[in-house]
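Peer 1: Protein chains in written order, with the working numbering: chain A, 695 to 1288; chain B, 695 to 1288.
The C-beta atom is built at its ideal place from N, Cα and C for all residues, glycine as well.
Owing to the predicted nature of the structure, the values given are computational and were not obtained by experimental measurement.
Protein chains: 2
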Amino acid sequence: MIPFPKPDVDQFFRTYSITTFTISKDEKKLIFSSNINGKQNLWAIDFPNQFPYLFAQVDQQCSFLKVDHDNRYVLAGFDHDGDENYQIYALPFEGGKPQPLLVGEKTDKFFFTNSSKDGERIYYMTSKENPQFLNLHRYDLKTNKDVLLEKGEGAPIYMEGLAPDESSYVIVNTLANTYSLGYVVVNGEKRLLTPTKDEVHTVSNPVYTDENTVYFVTNYGDEFSYIASYNILNGEFLPVQKIPSESVKILKWNQFLNTFYFVTEKGVTDQLYSYSISSREVTKLEVPTDIIEQLTIAESGSIYVLGRSATIPVNIFRLVEGTWEQVTTNHVLGITSDQMVEPEVIIYKSFDEMEIEALYFKAKSDLANGYTIFWPHGGPQAAERKSFRAMFQCFLNRGYSIFAPNFRGSTGYGASFEKLVEGDWGEGPRLDCVHGIQWLFEQNISSPDKLFVVGGSYGGYMALLLAGRHADLFKATVDIFGVSNLFTFLNSVPEHWKPMMKRWLGDAVEDRERLEKDSPITYLDTMVNPMLVIQGANDPRVVKDESDQIVAALEKNGVEVEYLVLDDEGHGFSKKHNEIKVYETMLEFLEKHL
Amino acid sequence: MIPFPKPDVDQFFRTYSITTFTISKDEKKLIFSSNINGKQNLWAIDFPNQFPYLFAQVDQQCSFLKVDHDNRYVLAGFDHDGDENYQIYALPFEGGKPQPLLVGEKTDKFFFTNSSKDGERIYYMTSKENPQFLNLHRYDLKTNKDVLLEKGEGAPIYMEGLAPDESSYVIVNTLANTYSLGYVVVNGEKRLLTPTKDEVHTVSNPVYTDENTVYFVTNYGDEFSYIASYNILNGEFLPVQKIPSESVKILKWNQFLNTFYFVTEKGVTDQLYSYSISSREVTKLEVPTDIIEQLTIAESGSIYVLGRSATIPVNIFRLVEGTWEQVTTNHVLGITSDQMVEPEVIIYKSFDEMEIEALYFKAKSDLANGYTIFWPHGGPQAAERKSFRAMFQCFLNRGYSIFAPNFRGSTGYGASFEKLVEGDWGEGPRLDCVHGIQWLFEQNISSPDKLFVVGGSYGGYMALLLAGRHADLFKATVDIFGVSNLFTFLNSVPEHWKPMMKRWLGDAVEDRERLEKDSPITYLDTMVNPMLVIQGANDPRVVKDESDQIVAALEKNGVEVEYLVLDDEGHGFSKKHNEIKVYETMLEFLEKHL
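1. Please list, in chain order, the residues of the segment 998–1022 of chain B that have any C-beta partner in chain A closer than 7 Å.
2. Could you check where the alpha helix (DSSP H) with A/Thr1182 kicks off and where it finishes?
3. Could one say the Cβ of A/Gly771 lies closer than 8 Å to chain B's Cβ atoms, at least one of them?
4. Tell me the DSSP bridge mates of B/His831?
5. Would you verify that the beta carbon of A/Tyr817 is, or is not, closer than 8 Å to some beta carbon of chain B?
6. Tell whether a beta-carbon distance below 8 Å holds between A/Arg708 and A/Val1187.
7. Compare the beta carbon distance of B/Lys943 and B/Val957 with 8 Å and say whether it is the shorter of the two.
8. Would you kindly check if the distance between the Cβ of B/Val908 and the Cβ of B/Tyr924 is under 8 Å?
9. Compute the Euclidean distance between the alpha carbons of B/Gly1230 and A/Ile1244, then round it to the nearest angstrom.
10. Which runs of the beta strand (DSSP E) fall wholly inside the segment 989–1051 of chain B and span at least 3 residues, in chain order?
11. How about A/Glu854 and A/Ser898: are their beta carbons less than 8 Å apart?
12. Is A/Trp1069 helix, strand or coil by DSSP?
13. Touch check for the segment 740–753 of chain B and the segment 1012–1028 of chain A: three-plus C-beta pairs under 8 Å?
14. Which residue or residues does DSSP assign as beta-bridge partners of B/Pro794?
15. Measuring CB to CB, does B/Thr890 end up less than 8 Å from B/Gly876?
16. Under 9 Å between beta-carbons, which chain A residues line up against B/Lys836? List them in chain order, please.
17. What are the start and end residues of each continuous beta strand (DSSP E) run of 3 or more residues lying completely inside the segment 867–941 of chain A, in chain order?
18. Exposed or buried, what is A/Ile1041 when buried is set at 16 or more other beta-carbons lying within 10 Å of its beta-carbon?
19. Taking 8 Å as the CB-CB limit, is B/Arg708 close to chain A?
20. Measure the beta-carbon distance from A/Tyr902 to A/Pro858 and round it to whole angstroms, keeping in mind my assumption that it falls under 8 Å.
21. Could you confirm whether any beta carbon from chain A is found closer than 8 Å to the beta carbon of B/Thr983?
22. Suppose contacts are defined by Cβ-Cβ distances below 8 Å. Is B/Asn1100 in contact with B/Gly1108 by that definition?
23. If distances are taken between C-alpha atoms only, which option among A/Leu1114, A/Asp904 and A/Gly1153 comes closest to A/Phe1068?
24. Keeping to the same chain, check which residues put their C-beta closer than 6 Å to that of B/Asp964; ignore five residues upstream and five downstream.
25. DSSP has B/Glu959 in a bridge; who is on the other side?
26. Between which two residues does the alpha helix (DSSP H) holding A/Ser718 run?
27. For A/Pro701, would you say it is in contact with chain B, using Cβ-to-Cβ distances shorter than 8 Å as the test?
28. Considering only their Cβ atoms, is the gap separating A/Met1034 from A/Thr1005 smaller than 8 Å?
29. Kindly list the residues whose CB is nearer than 8 Å to the CB of B/Gly848, restricted to its own chain and excluding five residues on each side of it in sequence; keep chain order.
30. From B/Pro1074 to B/Tyr873, what does the alpha carbon distance come to, in whole angstroms?
31. Compute the Euclidean distance between the alpha carbons of B/Leu1209 and B/Leu886, then round it to the nearest angstrom.
32. At a CB-CB cut-off below 9 Å, which residues of chain B make contact with A/Glu814?
33. Which residue comes first and which comes last in the beta strand (DSSP E) that contains A/Glu1249?
34. Within 10 angstroms of its Cβ, does A/Met1280 collect 16 or more other Cβ (buried), or is it exposed?
35. Which residue marks the beginning of the beta strand (DSSP E) containing A/Leu1126, and which one marks its end?
36. Just confirm the distance between the C-beta atoms of A/Lys839 and A/Ser809, as a whole number of angstroms; I'd bet it's less than 8 Å.
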């Protein structure tokens, strides 16, 4: 009766983020971090009423949340305008003003790892006095006594598990994204959880089922991560549970049900399983989303997940008495899931016949404008998955199709595949992208005058590299805090990244020639397509200097370049108004070059 | 274990407003206007999940909400940055972008009044072509045909009731706040609902129980408003239901239960009753708040209220199967109701022995700073009631006690009392205030060096007047968009207010002497106390010129004056950041003069 126009593009920006949540032991209070009110703040729900209330107004990103077992306090980590220097604050159980608890200089990091069963001792990592490798401390809330337990050496350490009686703990030594070693520390003595450290593998998610047994996730001797156990008494390592071609990424334990719950990563989706220790039975559980970002198992056995799918923005769900219930109602303003686009999963062959999986989001025929956006994901040891991106659905609604390849180095396809980007940022992955673009041309999906390349972080680096070396394949580039100069990047990453940079990217001296070849800035003279560069002023990972360099150089060469700097952001957009500004700027830029 | 400091003052600002709500016929969707995300926007709840989602991002105040009976659309009224020129928009049932439906120039007003049972015809008032008295139109959504039904003449008209078969409707002619006449219009013929128009009385809330019977609220022949009926067939007027010393303010009808639900006003609190037509039985219903701002009765008989108490911020509640359930969870950040102050109800005698009721909020002894804020309310035909004000609870937390008298002219104490301010803005009410101040001194609650006067709108006018004529009684003044010059004010009020200004305030020519005597600007030379003036740049009721005048004059006289102009606000604060700025400025000003 009243004609309503098609949804407006800005409606897609009206989703919000939910980055982390926690639930009180009695499951009456759920606290989460979200930018519902425009900036990142804490909100809480007191069940059964699901209407959230403001729990803390901080306007800062939150790294973790933890409710004391006896509901005496809540712990949270906040940074400063996206600088990722998280520090630890305490809040009253009723909410209010965060009080600094474990903090230092603005540049120091404090990461909460565990607390004792009685909630009186907090274990945390800090970059203070050891910015490269981190130190492990224990802080006693009753006596305010702080003890240094472990100094990181050679590679960053991170405590990830604590014995119920605090008689031992597990630390993980991260040598690279694909190489981390787990140690159980008993009375100061460090014992490797896996048989040997010589083989490159990873260890994560240590969980104590009792004082003497640690379960954990590793890909020791395998392409995919599985559940293994370590017996502290006899030093025995045992593989416990593997799921073929799937990598375990989250492992949780419920002592009352004697059951593990774990999430696996399989290409572009996640799966949830339970594993009963007594029956040794694995059960696949239905989940309401394709991607699971956080999994919390309550004592009661209720399952809480933070998850999303390509057409479902991030939400908290819970499984209570066999039924999944959506707790939060985050959705695109006035737009239902079926008005959005589910991606197709495509496989194409690269230069060396290697199979590359990609997501192809095809704009609905009544909206399609004939143009395609090629999106190399960030990471690079990450993947583009069936996960809601306001940007994607917004661009699709404007008529752009989107193609996102999981080039070599992406996670979810086995350890060997993931390692292929290590020491090779600019050759193999780039050629995978080039072959993805050629596939688009062969399929008549796109052509050089109908293609844009848009990418952020490593994806921004790849966009820049493609712009410099394959300008003839597409029309224009959008670089969102991408690395332009690998030498500058090596110097500017956070201190605790440096130990793993050599394996990951290379050494400024030894690998000089390759780094030069793989630095976008080397190809300035052939970077002739119009470009939009977006940068967060406080970005600790890709510092502003990176983007300044490329913009200055292109301007000098007379290339059409636009530069948008966000003064109060880091590596990502935590503030709604900045997010909208970025997307509007990007769309305007693209429209200009149709 | 972790010591937490007392709540911070800014926590009190972290409540939000809920100004209006509507519920779909099936009670599955509740839509409300709130500044949860910083500015005034529409939010919705799809029961049973009470987690709200953004329904429309408009950043504007909303005057009404109406869901179509068949869930085909939602209607809403929005103004522009507080200018109160509301116009009518339509939205999809799923939410989205409001589409202009009945709009005009930016200065035109469009008020939704009723829609036909089938939702296809909309009745609305507009200031377009009749800014002083308004016109009534009917708009057909199917044919887009618009019909002028009634032209306002002599006094503003407002349609308030529509016969189920649209064979007649009721319009109310507003001559003053205390004088309004109701007419049923049958085939163009206007019949008075009350026996005569000669006696000053009010008519409101007309409700048709069938084509021929109109129930309504009037104080015809009485001090307090009651329920009456009018029979269209025989013209009979009948008083139906009176509650001694209480004024009916809202009347709702449930045809399926053959029952009325009504809210009465009794001094500083409201009451809720049901009245069954068949049994003629009146039942008092428990309500979760002292003040009821909106009452909606669903077809099922479920009761929805928007209400608040002194220590409960505005919230939506519903009575389902005998139990009140709080739908929204608006509360002061980290502060429970018992940490706030419930006012005492005080009665003192004024200059002429008239009894004046006042609310006395006594700062908790561990927080009290010995100072008292004297708060004359706005209106003036309104009242200070047991209603949450973030400002009050915040000031109380900072240590200030607050005294708020319902001086003559206030509502809730009978029609005669309310009329006492008409044609006497500056004498009787002022002396009531002076005697209230003296009562504070007699009770040793305060003294001239421990007292501040703070007021907004008419309360700002009173603050200015007290500053000019009784500067010796207190220390400093805060004027929030108060009238300073009654002549300027007479000229600057909205066109449709002008017809009633003569009775309410006076005539610029006939009452020249009195208006001069009662204008704060007359007493500039004795206005010697420090003053803070706060003004919204778009205020349509007290235009900025009013405040400019007083500030300029005081500056000229060398009085300490601070001036805060809010560029994007009208008569009130719709935006959280402005609200916080105002309160912070006020507190700083007060602290400075302790």
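Peer 2: The short version:
1. Gln1020, Val1021 and Thr1022
2. Sequence index remark: in the first sequence, residue 1182 of chain A carries index 488 (1-based). It spans Leu1180 to Ser1186 - the alpha helix (DSSP H) in which A/Thr1182 sits, taken as one unbroken run.
3. Within the first sequence, the letter at position 77 stands for residue 771 of chain A. No, because no Cβ of chain B sits closer than 8 Å to the Cβ of A/Gly771.
4. Locating residue 831 of chain B in the second sequence gives position 137, counting from the first residue. B/Tyr818 and B/Leu842, per the DSSP bridge assignment.
5. On the first sequence, residue 817 of chain A is found 123 positions in, with the first residue counted as 1. Chain B, which has no Cβ nearer than 8 Å to the Cβ of A/Tyr817, makes this no.
6. Here the question's residue 708 of chain A lines up with position 14 in the first sequence. Here the question's residue 1187 of chain A lines up with position 493 in the first sequence. Cβ atoms of A/Arg708 and A/Val1187: not closer than 8 Å.
7. In the second sequence, residue 943 of chain B corresponds to position 249, counting from 1. In the second sequence, residue 957 of chain B corresponds to position 263, counting from 1. A contact, by the Cβ cut-off of 8 Å.
8. Residue mapping note: residue 924 of chain B aligns to position 230 of the second sequence, counting from 1. Residue mapping note: residue 908 of chain B aligns to position 214 of the second sequence, counting from 1. For B/Tyr924 and B/Val908, yes; Cβs fall inside 8 Å.
9. Within the second sequence, numbered from 1, the residue matching residue 1230 of chain B stands at position 536. Within the first sequence, numbered from 1, the residue matching residue 1244 of chain A stands at position 550. Going from the Cα of B/Gly1230 to the Cα of A/Ile1244 covers about 46 Å.
10. 997–1003, 1006–1014, 1017–1020 and 1038–1043
11. On the first sequence, position 160 is the one that residue 854 of chain A refers to. On the first sequence, position 204 is the one that residue 898 of chain A refers to. Contact flag set, yes.
12. Position 375 of the first sequence, counting from 1, holds the residue named residue 1069 of chain A. In the structure shown, A/Trp1069 sits in coil (DSSP, three-state: anything other than H, G, I, E or B).
13. yes
14. Taking the first residue of the second sequence as 1, we reach residue 794 of chain B at position 100. In DSSP, B/Pro794 forms a bridge with B/Tyr783.
15. Taking the second sequence and counting its residues from 1, the one referred to as residue 890 of chain B is at position 196. Taking the second sequence and counting its residues from 1, the one referred to as residue 876 of chain B is at position 182. Contact: no.
16. Position 142 of the second sequence, counted from the first residue, corresponds to residue 836 of chain B. Here the neighbours are Met695.
17. 873–880, 883–886, 897–904, 907–912, 920–925 and 931–935
18. Translated into the one-based positions of the first sequence, residue 1041 of chain A becomes position 347. Within a 10 Å sphere around the beta-carbon of A/Ile1041 sit fewer than 16 other beta-carbons, which makes this residue exposed.
19. The sequence position of residue 708 of chain B within the second sequence is 14, counting from 1. Chain A, which has a Cβ nearer than 8 Å to the Cβ of B/Arg708, makes this yes.
20. Against the first sequence, residue 902 of chain A aligns to sequence position 208. Against the first sequence, residue 858 of chain A aligns to sequence position 164. Contact flag correct, Cβ pair sits at about 6 Å.
21. Taking the second sequence and counting its residues from 1, the one referred to as residue 983 of chain B is at position 289. B/Thr983 does not count as touching chain A.
22. Residue 1100 of chain B sits at position 406 when you count from the first residue of the second sequence. Residue 1108 of chain B sits at position 414 when you count from the first residue of the second sequence. The beta carbons of B/Asn1100 and B/Gly1108 sit no closer together than 8 Å.
23. By 1-based counting over the first sequence, the position of residue 1068 of chain A is 374. The candidate whose alpha carbon is nearest that of A/Phe1068 is A/Gly1153.
24. Along the second sequence, one-based indexing puts residue 964 of chain B at 270. The residues are Val957, Ile985 and Ile986.
25. Counted from its first residue, the second sequence places residue 959 of chain B at position 265. DSSP output for B/Glu959 lists B/Ser941 and B/Asp964 as bridge partner(s).
26. If you number the first sequence from 1, residue 718 of chain A lands on position 24. That residue, A/Ser718, is in no alpha helix (DSSP H); it is neither H nor E in DSSP.
27. As a working note, residue 701 of chain A is residue 7 in the first sequence. Judged by the 8 Å Cβ criterion, A/Pro701 is in contact with chain B.
28. What you label residue 1005 of chain A is simply residue 311 of the first sequence in a count that begins at 1. What you label residue 1034 of chain A is simply residue 340 of the first sequence in a count that begins at 1. Contact flag set, yes.
29. By one-based count along the second sequence, residue 848 of chain B stands at place 154. Excluding sequence neighbours, B/Gly848 sits near Phe827, Asn867 and Pro1193.
30. Walking along the second sequence from the start, residue 1074 of chain B turns up at place 380. Walking along the second sequence from the start, residue 873 of chain B turns up at place 179. Distance between the alpha carbons of B/Pro1074 and B/Tyr873 is about 15 Å.
31. Mapped onto the second sequence, residue 1209 of chain B falls at position 515. Mapped onto the second sequence, residue 886 of chain B falls at position 192. For B/Leu1209 and B/Leu886, the distance between alpha carbons rounds to 34 Å.
32. For the purposes of this step, residue 814 of chain A is taken as residue 120 along the first sequence, with counting starting at 1. Per Cβ cutoff of 9 Å: Met695.
33. Position 555 of the first sequence, counted from the first residue, corresponds to residue 1249 of chain A. Looking at the DSSP string, A/Glu1249 is not in any beta strand (DSSP E); the run it does join, the alpha helix (DSSP H), is Lys1238 to Lys1250.
34. Numbered from its first residue, the first sequence carries residue 1280 of chain A at position 586. Buried, since its Cβ has 16 or more Cβ neighbours within 10 Å.
35. Residue 1126 of chain A sits at position 432 when you count from the first residue of the first sequence. What sits at residue 1126 of chain A in the sequence shown is Asp, not Leu. No beta strand (DSSP E) holds A/Asp1126; the alpha helix (DSSP H) holding it covers Gly1122 to Glu1136.
36. For the purposes of this step, residue 839 of chain A is taken as the residue at position 145 of the first sequence. For the purposes of this step, residue 809 of chain A is taken as the residue at position 115 of the first sequence. About 15 Å separates the two Cβ atoms, so there is no contact after all.
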